[in-house]
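Okay, so here's the structure we're looking at.
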């Protein structure tokens, strides 16, 4: 993306790293974070679409570093799952905790958008962030004809 001077749109779906993957898996987190920083230094947009589920280390690295964070409805987005948290804090979590709508309400996301509407939304966001004019819709009616009968 940096070489081509293009924005990067990432669709994230992850269940976290398995422990048997060891240090090589763990070392990918800082590498991906450095890559995101390269985009920012090049002034290129980085948009993240969080799908169900997006959990584990990706939420501690590249999945939550976007200029714009969009999630699909009801997507589970978290570092540790709800059961692990409840067992750790010995409390019941609020309804919808770690779901896209809850995160949107608490300022962690910019949008929650159904997959069927993502294309148009992403086009609009990319054009805006790249300082381009809005996309022209081919199905819009033609402008009304102007007459030259106006008095001078």
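In the working numbering, the protein residues as written are 14 to 165. Just so it is clear, CB atoms sit at the ideal spot from N, CA and C, and this is done for glycine as well.
Under the three-state DSSP convention, the category residue i falls into
i: residue 83; result: strand
i: residue 64; result: strand
i: residue 78; result: coil
i: residue 132; result: helix
i: residue 44; result: helix
i: residue 138; result: helix
i: residue 149; result: coil
i: residue 50; result: helix
i: residue 106; result: coil
i: residue 73; result: helix
Reference residue i, options the options, closest by Cα
i: residue 66; options: 90, 58, 72, 80; result: 90
i: residue 81; options: 73, 62, 46, 72; result: 62
i: residue 19; options: 160, 146, 142, 149; result: 142
i: residue 26; options: 69, 115, 103, 114; result: 69
i: residue 121; options: 128, 127, 113; result: 113
i: residue 28; options: 16, 64, 35; result: 64
Beta-bridge partners of residue i, as assigned by DSSP
i: residue 98; result: For residue 98, which the question treats as bridged, DSSP gives no partner whatsoever.
i: residue 59; result: 21
i: residue 125; result: 84
i: residue 28; result: 68
i: residue 112; result: 89
Beta-carbon contacts of residue i that lie in its chain and below 8 Å, excluding the five residues immediately before and after
i: residue 95; result: 106, 110, 111
i: residue 21; result: 14, 52, 57, 58, 59, 60
i: residue 146; result: 140
i: residue 46; result: 74, 75, 78
Own chain, CB closer than 7 Å to residue i, minus 5 neighbours either side, in chain order
i: residue 72; result: 90, 91, 92
i: residue 49; result: 59, 75, 78
Spatial neighbours of residue i in its chain, beta-carbon cut-off 6 Å, leaving aside the 5 residues before and after
i: residue 115; result: 109
i: residue 124; result: 83
*Are the segment 99-118 and the segment 43-54 in contact at 8 Å, needing three or more beta carbon pairs?*
no
_Contact between the segment 84-95 and the segment 33-42 (3+ Cβ pairs under 8 Å)_ = no
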